[in-house]
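Working notes, structure below.
In full-length UniProt numbering, the protein residues as written are 1 to 93.
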């Protein structure tokens, strides 16, 4: 069994309130949950109106398939309007 963890640090562009930020983040997280068999959550900077840390986690028996899904989820995050990913870390356990 392989566990893959993708941590993404992001910047919510032109967010003026936590409500603006949460709208952008919720949209991205919902899209990942609907398209992939991955768990995703905001795990840091929750009270900052522009910064965020997101975690995407998957479990599988094939590292290549798991890596492909995590990279597709990252692409989806990078394509999200209003969200700029500034740092990522992909680890396996």
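C-beta atoms are modelled at their ideal positions from N, C-alpha and C, and glycine is treated no differently. Just so it is clear, the structure is predicted and the values come from calculations on it, not from any experiment.
- In the structure shown, the three-state DSSP call for residue 68 is helix.
- Residue 14 sits exposed, since fewer than 16 C-beta atoms from the chains shown fall within 10 Å of its C-beta.
- Per DSSP, the beta bridge partners of residue 90 are 6.
- One thing to note: residue 28 has its Cβ no nearer than 8 Å to the Cβ of residue 43.
- For the options 19, 72, 92, 86, the alpha carbon positioned closest to that of residue 34 is the one of 72.
- DSSP lists 11 as the beta-bridge partner residues of residue 51.
- Nearest neighbour of residue 88 by Cα position, chosen from 11, 63, 65, 49, turns out to be 11.
- Within the DSSP bridge table, the entry for residue 42 names 54 as partners.
- Comparing alpha-carbon positions, the option among 69, 63, 81 lying closest to residue 2 turns out to be 63.
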